[in-house]
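Everything on this sheet refers to the single structure shown next.
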Amino acid sequence: MAAGELDAAHLRRQIDYVEARLDLADHRVLLLLKCMLAGELPPTVYDQAAEAVLGFRYSMLEPGTDAMSLWTESHQIIAATGEYLTGQLFGDRVFSNDGRTGARHRRAAHARIMVWLADRFRFGFSEWLSNSYLAFDAAALALL
């Protein structure tokens, strides 16, 4: 592996984790999207990552049963950011989890992000004193 080159095997493990929808899979969605937006993925890995993020469940309102926690403050912004960015990247594509287009997902995520931000401005952060949750919030906001 050359300097600065991403490890394809590691990326495929992240993709498998996202596709399995295990707890904290939404965090890995952000990592994949960051690499996709930066153009850092080899084409074959990019295609696999695209299918994973297009098949992800971004909200508790979407169909699916899995081990993900999407209701906490940090997961709300992480999942909404993932959905927004995936919708931005793939506006015309149909998401396999619920059959909506990327453009519709982007609009739905935008609304959730705006509510999340309004709640933080009005009520503050419930997870603010946690160094790990603050980092997760910051990572999601930085990608936006």
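For any residue, its number in my numbering is found by taking its place in the sequence shown, counting from 1, and adding 183. Virtual Cβ for every residue (Gly too), placed ideally from N, Cα, C. All values derive from a computational prediction rather than experimental measurement.
A direct Cα-Cα distance of roughly 32 Å separates residue 189 from residue 243. For residue 255, no pairing in a beta bridge is given by DSSP. A straight-line Cα-Cα distance of about 30 Å links residue 245 and residue 312. Beta-bridge partners assigned by DSSP to residue 284: 277.
Assigned with DSSP and collapsed to three states, residue 295 falls in helix.
Leaving aside the five residues that flank residue 206 on each side, the residues in its chain whose CB is nearer than 8 Å to its CB run, in chain order, 250, 251, 252.
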